[in-house]
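Residue numbers (my numbering): 515 to 1076. All C-beta atoms, glycine included, are put in the ideal place defined by N, C-alpha and C.
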DNA sequence: CCTCTCACG
DNA sequence: ACGTACGTGAGAGGC
């Protein structure tokens, strides 16, 4: 690396083509990621470097006119290497080009986008891996860049996905504090519940068995106890399904059923949210550093893993006690939750221009009550809680790509009744009906759908002769522009919020994103200012035909911030 | 490694 | 007559 001549020649080649690639191997976990060694490539010329050589490279790295081509930018940020807007992340661009695939590793991308590359070359052995990666990156760059431009995805990359990486890295680095003592206490409490239920279940089953095994449970319920499975219960490979829906439907047939449901509930909390969470507390920071994955979902949403902090319980009181374990870390006073109100239905209003939806949101009405009023033909004042519940289910169904079967199952009504609701809905909300018809037609014609911001999802199955595959693709065509536009909006809001907090030198920071919600930790003196700043950023990130609205709550823990 | 189940938006 | 709600991640069992 001390070879000045080699470096000089490398810089010349990089300058001549305006870009160079960097592959690195990383070690350690967030927030202690270290880059072990690097391979740089420009015009086929390779430079190798260790972390100690970084100062040597800083003029090259900091040159904003030179594009740095990498695969997976976030780990670079985690170890302090920032390429800002001059970064071309091939994993992100490949994701934008085809968000439906699971594979964005370099070998897969090489075989997909470099047809001249022989299969064996895409996973070259023998050569130092980082060197090979740097060479692949250099070849992939012009191909991916051209595809991105051709599909009008470059601005989405530059204004949304790339700037978001820095925000996500900061959130991952911050982590969220979990009260370990309270977690142990909760775990002991739940273990007692589980032990008691286990004994009762063995007693009622007249023998011991593994309650966690659907196979064994099915044989106990439907063979030993000779219980009758509810009509239409699905057969799995090993017997009748024993899921909550089945057990609920037959819950009064035998006292064991309530016990099983209860056992399952506590077991879920214990194994998924208490036992495994503890193992993921960083010994150094005492916080949980989830990963926010940017190239996973087909719609543009983020996902969260190790652990997943986007599915922490909230719908039951006992579940909310798990949420209450998340607290502000040292030096912070509160957690703040800011969530979009009905963002998907507001997007539906915008995309469909349906008169009822536009009017409801422009007048600040309760959208489900308004829907009930229309569908069931009663004045707004006479909408009962039950009618509202039903209308809410229909609205959800619309967003998912409705079917009478799905709605009937959700509401426990007959298929005919569900079909009647849908027919009435489409009669009253003809704008929505028209939009859904048009988007499916467009998907058939083009083979893809797009969001408000131009994110695209290919739907090749829409031409399938297989009924299941084709109708699934049609539902995706209806759902993706809605779910994906919501994802776009909150991503932009995160970028805006993050920079607004930085520009005002505020200590408060974003910790989590849960699809339509941001969770921040705040200090007392900043609370009012942060609330105002977050509201402004989230509500004004885009101008739709209807206003965006967020609810903000602050508390001593995540459950209290609701 | 796949299946089943269940937590979230 | 057919079988379907959209998008995720994770634990446990069992092959």
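Considering only DSSP beta bridges, list what residue i is partnered with.
i: residue 555; result: 535 and 560
i: residue 1031; result: 853
i: residue 601; result: 582
i: residue 626; result: Per DSSP, none; premise fails for residue 626.
i: residue 1016; result: None, per the DSSP bridge assignment.
i: residue 1026; result: 1033
i: residue 692; result: 840
i: residue 805; result: 819
i: residue 754; result: 749
Nearest to residue i by CA position, among the options, is which residue?
i: residue 729; options: 776, 750, 610 and 714; result: 750
i: residue 680; options: 590, 604, 819 and 912; result: 590
i: residue 787; options: 666, 797 and 839; result: 839
i: residue 941; options: 601, 885 and 906; result: 885
i: residue 796; options: 526, 544 and 626; result: 544
i: residue 603; options: 540, 904, 677 and 574; result: 677
i: residue 978; options: 924, 528, 697 and 961; result: 961
i: residue 958; options: 976, 971, 687 and 951; result: 976
i: residue 802; options: 630, 586, 984 and 686; result: 686
i: residue 919; options: 934, 818 and 905; result: 934
i: residue 889; options: 878, 877, 909 and 674; result: 909
i: residue 533; options: 600, 1015 and 830; result: 600
i: residue 905; options: 861, 936 and 586; result: 936
i: residue 848; options: 1036, 523 and 605; result: 1036
i: residue 683; options: 523, 592 and 752; result: 592
i: residue 913; options: 1003, 963 and 858; result: 858
i: residue 841; options: 564, 563, 1071 and 606; result: 1071
i: residue 571; options: 596, 825 and 738; result: 596
i: residue 643; options: 1067, 837, 554 and 1047; result: 554
i: residue 1067; options: 1015, 1076, 1061 and 1059; result: 1076
Under the three-state reduction of DSSP, which class applies to residue i: helix, strand or coil?
i: residue 979; result: coil
i: residue 618; result: coil
i: residue 548; result: strand
i: residue 911; result: helix
i: residue 948; result: helix
i: residue 669; result: helix
i: residue 543; result: coil
i: residue 968; result: coil
i: residue 723; result: coil
i: residue 1075; result: coil
i: residue 1050; result: helix
i: residue 878; result: coil
i: residue 897; result: coil
i: residue 847; result: coil
i: residue 1068; result: strand
i: residue 826; result: coil
i: residue 657; result: helix
i: residue 963; result: strand
i: residue 927; result: coil
i: residue 795; result: strand
i: residue 687; result: helix
i: residue 766; result: coil
i: residue 716; result: helix
i: residue 1000; result: helix
Can you say whether residue i is buried or exposed, counting buried as having 16 or more other CB atoms within 10 angstroms of its CB?
i: residue 766; result: exposed
i: residue 969; result: buried
i: residue 899; result: exposed
i: residue 981; result: exposed
i: residue 745; result: exposed
i: residue 1023; result: buried
i: residue 675; result: buried
i: residue 617; result: exposed
i: residue 850; result: buried
i: residue 963; result: buried
i: residue 585; result: buried
i: residue 547; result: buried
i: residue 823; result: buried
*Is there contact here, the segment 985-993 with the segment 1021-1036, by at least three beta-carbon pairs under 8 Å?*
no
*asked:* Contact between the segment 938-953 and the segment 855-866 is defined here as three or more beta-carbon pairs at a separation below 8 Å; is this criterion met?
replied: yes
*Does the segment 643-658 come close enough to the segment 531-539 that 3 or more CB-CB pairs lie under 8 Å?*
yes
*asked:* Under 8 Å, with one C-beta from each stretch per pair, do the segment 811-826 and the segment 990-1009 reach the 3-pair mark?
replied: yes
*So, do the segment 772-788 and the segment 723-740 have three or more beta carbon pairs nearer to each other than 8 Å?*
yes
*Is the segment 999-1017 touching the segment 1044-1055 in the sense that three or more CB pairs, one from each, lie closer than 8 Å?*
yes
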